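Enquirer: Just dropping this structure here.
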DNA sequence: AAAAAGTTAGTTCGATAGATAAACAAACTT
DNA sequence: AAGTTTGTTTATCTATCGAACTAACTTTTT
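Protein chains in written order, with our numbering: chain A, 27 to 419; chain B, 27 to 419.
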């Protein structure tokens, strides 16, 4: 007897509303839920009892009385299942196992270098398998795996191009899904980071933000109306190849004057070579920061220039999106000390005044693995969504 | 007996669904609606009869039989009310009176020059009053007024700044609402144009598009997931002040190298002055096009340069949004003949290949007053939405 | 200290709205 | 006359709501 449509939909919406109230207001009573949601007390009771049966929530002891019977407090069962989130870097794989709330239970970092696709895939599986084996036992087990990758990812989870990994047309999603038999999500690293910051970082209270991932290249994750915007094919946020100098230097992309030629880690390192700050052949961001910290003026100037160039692109983004917040993340965020003042002052000087009144410019807190957490959160949410879609059997 | 929530909501959703099916599939029978919506035949019958009572739809004669009883065809009553849409230009006011479907019933164009705010407001009211008086009698009368303005408009409908009109902090919405006592919507002209193109122009079949309004300045209207994106405050799409030349010429906005300094009508005219194509003091786009048509090479080169510069910013937009379509509108669209080949080839050469596969670059059909139609459509839709929210009395 | 009164939490139950399925009537075609 | 399709009617079902009710407290009164 399949009731195709809307009668059940209401129930699912309400159940979902109740659950999200429990998640966001943590210890909360049935009475409070009824009041805040506008639902009838009886309705809340019946939905709550279903959620209890499904082990998505649990009752804790009685709470504080406010002059009458003491309420039974309800809590989200964050340990009902666990998610895995992977940040696939150019020379590292960082994986986290999180509960459904996004708390990290275990994490694992593996470094690698110059490996083939097969070797990298092996390493990915090693990390995933480790995390799975480290998961506490739970009613729903591993509910999904999310992977953030540095490259162009389409909506089907295929990595079309990841220049820094040397990958082309890799169906990573299918590959991993076949091994572990749980839903897998592959997202661009900047999108993952954006979502991670929105859920767990400084973007928590904002619904219109752009996360600028300034690493070897530059990418952006766009969050509008609280949701990630992927573009038509999933390629949005390729801001690194935005022209900021129409007569500028050539880029491998075929264009010239691309933003990331002036404001990325790569740009910093190349420039350091050119002005011959060091005669060594290999230079690293870490070393440059160390020398800046020691007061070497030439290096400081270099970092400040990167900051100014970063600001140019950010100004473009602000004018285009009118966001509430910009978060600068990835490796260059580590150089916040030298970059931030330049970014802030350049924006103050060169942005239309109306756009300036409300906007916040923040740097990622790098102790927070935003990308890995972001994709893990995607997986958790997908699980909850599909779980709530299900009918009672 | 106020049932605060969800039971009625289902009905409203379904009623809205039925109405939109009737609107989009024009002569359609109850049976077809039931099949296409998945709703039960009885449900459809009852919702349809309410819509009939509200005069939002009407029955026409019987349709073609497909082997049984002939269906009663239902049609949207586009004449149930009328909307007014105004395109507020720098030296003209163009107004349309449309039915609820967006068909133009009457239109009116008024030119003006160097007038004060009060004079302009007078003129706006003159146009509106004329259109109101020209409206056929209908059950709901004038359901709303929409105004597209060239400037920065916030979400409350205040025009914060319209440099080309010399306006600052004008509460146009309140002003007009007080006079005519119907809902008024004020939108940025590019947003209005974007919506007009999406509903009635070449964007009809796309859900991810950016409308580039290339006039005296450059603005953009952004449509994502089928909906207009306004930004946090409503100032999104100020792409004219996107930096495309970090070492470029100074802009009145305080920044340098802004896109509109290289690719707008203003840019074209200034450049024409500088290269001294004419010794006259006043030069117009129309005259330049005339001379290009007559084969004057210097003018043609100039137009082509504008095309190339236009493409630079468009490439930035494509990389940022990954849209499905770009529509170039406003005055420069008239120079399509010279601009389009340059835009297309520049994009082909300088955009990442993945972004190119699907994207369509179109020019506005200037016989379609996209801005005025866009804001009129906003008004119509708001009316229908609020009308469907209402309960039976 | 005990009893009574007042509050708040959560459950139960009858009423209700609106959707569905299925039967039915109407109006056709074959 | 038989079969089809359209649209209406009716019985049934589901999920919400309002209100009564029980439970478990706190506060006030005696």
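Note that beta-carbon positions come from the ideal geometry of N, C-alpha and C, so glycine has one too. Values in this document were obtained by computation on a predicted structure and should not be read as measured data.
For residue 165(B), count neighbouring Cβ atoms within 10 angstroms of its own Cβ and tell me buried if that reaches 16, exposed if not.
Expert: Here residue 165(B) refers to the residue found at position 139 of the second chain. It counts as exposed.
Enquirer: Going by DSSP in three states, residue 124(B) sits in which element: helix, strand or coil?
Expert: Residue mapping note: residue 124(B) aligns to position 98 of the second chain, counting from 1. The answer is strand: DSSP assigns residue 124(B) an E or B state.
Enquirer: In or out: residue 416(A) buried (at least 16 other Cβ within 10 Å) or exposed?
Expert: Counted from its first residue, the first chain places residue 416(A) at position 390. The residue in question, residue 416(A), is exposed, as its Cβ has fewer than 16 Cβ neighbours within 10 Å.
Enquirer: Excluding the five sequence neighbours on either side, which residues of its own chain have a C-beta within less than 8 Å of the C-beta of residue 282(B), listed in chain order?
Expert: Within the second chain, the letter at position 256 stands for residue 282(B). Taken in chain order, the residues that qualify are 269, 271, 272, 273, 274, 275, 276.
Enquirer: Please report the residue range of the beta strand (DSSP E) in which residue 268(A) lies.
Expert: The count along the first chain starts at 1 and reaches residue 268(A) at position 242. No beta strand (DSSP E) holds residue 268(A); DSSP gives it neither H nor E.
Enquirer: Whole angstroms are fine: how far does the CA of residue 112(A) sit from the CA of residue 199(A)?
Expert: On the first chain, residue 199(A) is found 173 positions in, with the first residue counted as 1. On the first chain, residue 112(A) is found 86 positions in, with the first residue counted as 1. C-alpha separation (whole angstroms): 12 Å.
Enquirer: Among 289(B), 325(B), 348(B), 222(B), which one has its Cα closest to the Cα of residue 254(B)?
Expert: Start at 1 with the first residue of the second chain, and residue 254(B) comes out as number 228. Nearest of 289(B), 325(B), 348(B), 222(B) to residue 254(B), Cα basis: 222(B).
Enquirer: By DSSP, does residue 66(A) sit in helix, in strand, or in coil?
Expert: For the purposes of this step, residue 66(A) is taken as the residue at position 40 of the first chain. Looking at residue 66(A) - three-state DSSP - the assignment turns out to be coil, as it is neither helix nor strand.
Enquirer: To the nearest angstrom, report how far apart residue 390(A) and residue 356(A) are at their CA atoms.
Expert: If you number the first chain from 1, residue 390(A) lands on position 364. If you number the first chain from 1, residue 356(A) lands on position 330. Going by the C-alpha atoms only, they are around 7 Å apart.
Enquirer: So which residues of chain A does residue 269(B) contact, with C-beta pairs closer than 7 Å?
Expert: Here residue 269(B) corresponds to residue number 243 of the second chain, with the count starting at 1. Those within 7 Å of residue 269(B) in chain A are 270, 338, 341, 342.
Enquirer: Whole angstroms are fine: how far does the CA of residue 89(B) sit from the CA of residue 55(B)?
Expert: Start at 1 with the first residue of the second chain, and residue 55(B) comes out as number 29. Start at 1 with the first residue of the second chain, and residue 89(B) comes out as number 63. Whole-angstrom Cα-Cα distance: 8 Å.
Enquirer: Taking residue 224(B) as the reference, which of 237(B), 190(B), 101(B) has the closest Cα?
Expert: Reading the second chain from its first residue, position 198 is the one you call residue 224(B). Nearest option by C-alpha distance: 237(B).
Enquirer: Could you say if the stretch 368-385 of chain A and the stretch 147-158 of chain A meet the contact criterion of at least three C-beta pairs nearer than 8 Å?
Expert: Judged by Cβ distances under 8 Å, the stretch 368-385 of chain A makes no contact with the stretch 147-158 of chain A, as fewer than three pairs qualify.
Enquirer: Determine the extent of the alpha helix (DSSP H) in which residue 315(A) is found, giving its start and end residues.
Expert: Sequence index remark: in the first chain, residue 315(A) carries index 289 (1-based). Residue 315(A) -> alpha helix (DSSP H) spans 311-319.
Enquirer: Label residue 231(A) either buried or exposed according to how many other C-beta atoms from any shown protein chain fall within 10 Å of its C-beta, with 16 as the threshold for buried.
Expert: As a working mapping, residue 231(A) is identified with position 205 in the first chain. Exposed: under 16 other Cβ atoms inside 10 Å.
Enquirer: DSSP three-state call for residue 181(B): helix, strand or coil?
Expert: On the second chain, residue 181(B) is found 155 positions in, with the first residue counted as 1. Reduced to three states, the DSSP call for residue 181(B) is coil.
Enquirer: Confirm, please, whether the CB-CB distance from residue 208(B) to residue 179(B) is below 9 Å.
Expert: Mapped onto the second chain, residue 179(B) falls at position 153. Mapped onto the second chain, residue 208(B) falls at position 182. In this structure, residue 208(B) does not lie closer than 9 Å to residue 179(B) by Cβ.
Enquirer: Considering only residues of the same chain and omitting the five flanking positions on each side of residue 172(B), which have a CB-CB separation below 6 Å?
Expert: Taking the first residue of the second chain as position 1, residue 172(B) is located at position 146. Closer than 6 Å at the Cβ level, and outside the excluded window around residue 172(B), lie 111, 211, 401, 402, 404, 405.
Enquirer: Could you tell me the boundaries of the beta strand (DSSP E) in which residue 387(B) lies?
Expert: In the second chain, residue 387(B) corresponds to position 361, counting from 1. 386-389 is the span of the beta strand (DSSP E), which, as asked, contains residue 387(B).
Enquirer: So what's residue 195(B) in DSSP terms, helix, strand or just coil?
Expert: Taking the second chain and counting its residues from 1, the one referred to as residue 195(B) is at position 169. Strand.
Enquirer: Check the Cβ of residue 350(A) against every Cβ in chain B and list those closer than 9 Å, keeping chain order.
Expert: Here residue 350(A) is taken as the residue at index 324 of the first chain, counted from 1. Neighbours of residue 350(A) on chain B, chain order: 257, 258, 259.
Enquirer: Over what stretch of residues does the beta strand (DSSP E) that includes residue 239(B) continue unbroken?
Expert: Numbered from its first residue, the second chain carries residue 239(B) at position 213. 235-240 is the extent of the beta strand (DSSP E) around residue 239(B).
Enquirer: Quick check: the Cα distance between residue 313(A) and residue 387(A), rounded to an integer number of angstroms?
Expert: Along the first chain, one-based indexing puts residue 313(A) at 287. Along the first chain, one-based indexing puts residue 387(A) at 361. Going by the C-alpha atoms only, they are around 26 Å apart.
Enquirer: Near residue 195(A), which residues of its chain fall below 7 Å by C-beta distance, leaving aside the five closest residues on each side in sequence?
Expert: Indexing the first chain from 1 puts residue 195(A) at position 169. 184, 186.
Enquirer: What are the start and end residues of the alpha helix (DSSP H) that includes residue 258(B)?
Expert: Position 232 of the second chain, counted from the first residue, corresponds to residue 258(B). No alpha helix (DSSP H) holds residue 258(B); DSSP gives it neither H nor E.
Enquirer: Could you have a look at residue 100(A) and say whether DSSP puts it in helix, strand or coil?
Expert: Your numbering for residue 100(A) matches position 74 in the first chain. Residue state, collapsed to three classes: strand.
Enquirer: Tell whether a beta-carbon distance below 9 Å holds between residue 174(B) and residue 188(B).
Expert: Here residue 174(B) refers to the residue found at position 148 when the second chain is read from its first residue. Here residue 188(B) refers to the residue found at position 162 when the second chain is read from its first residue. Cβ distance not < 9 Å, so residue 174(B) and residue 188(B) don't count as in contact.
Enquirer: Give the straight-line distance between the Cα atoms of residue 346(B) and residue 311(A), rounded to the nearest whole angstrom.
Expert: Locating residue 346(B) in the second chain gives position 320, where the first residue counts as 1. Locating residue 311(A) in the first chain gives position 285, where the first residue counts as 1. Going from the Cα of residue 346(B) to the Cα of residue 311(A) covers about 27 Å.
Enquirer: Does residue 354(A) have its Cβ less than 9 Å from a Cβ in chain B?
Expert: Residue mapping note: residue 354(A) aligns to position 328 of the first chain, counting from 1. Output row for residue 354(A): interface = no.
Enquirer: In three-state DSSP terms, what is residue 419(A)?
Expert: The count along the first chain starts at 1 and reaches residue 419(A) at position 393. Residue confidence for residue 419(A) is low, a pLDDT of 43 falling below 50, so the modelled location carries little weight; the figure read from the coordinates is stated next. Coil at residue 419(A), not helix or strand.
Enquirer: Shorter than 9 Å from the beta carbon of residue 33(B) to some beta carbon of chain A?
Expert: As a first step, residue 33(B) must be located in the second chain, where it is residue number 7. So yes, residue 33(B) belongs to the interface.
Enquirer: Looking at the C-beta of residue 178(B), does it have a partner C-beta in chain A at a distance below 9 Å?
Expert: Reading the second chain from its first residue, position 152 is the one you call residue 178(B). So yes, residue 178(B) belongs to the interface.
Enquirer: In three-state DSSP terms, what is residue 358(B)?
Expert: Start at 1 with the first residue of the second chain, and residue 358(B) comes out as number 332. Residue 358(B): helix per DSSP, three-state reduction.
Enquirer: Hey, residue 399(A) and residue 122(A) are a contact pair by Cβ (cut 8 Å); roughly how many whole angstroms apart?
Expert: Residue mapping note: residue 399(A) aligns to position 373 of the first chain, counting from 1. Residue mapping note: residue 122(A) aligns to position 96 of the first chain, counting from 1. Between residue 122(A) and residue 399(A) the Cβ distance is about 7 Å, and since that is below 8 Å, they are a contact.
Enquirer: DSSP on residue 165(B), reduced to helix/strand/coil?
Expert: Here the question's residue 165(B) lines up with position 139 in the second chain. Reduced to three states, the DSSP call for residue 165(B) is coil.
Enquirer: Can you tell me whether residue 372(A) is buried or exposed? The criterion is at least 16 other CB atoms within 10 Å of its CB, across all chains shown.
Expert: One-based indexing of the first chain puts residue 372(A) at position 346. Per the 10 Å Cβ criterion, buried.
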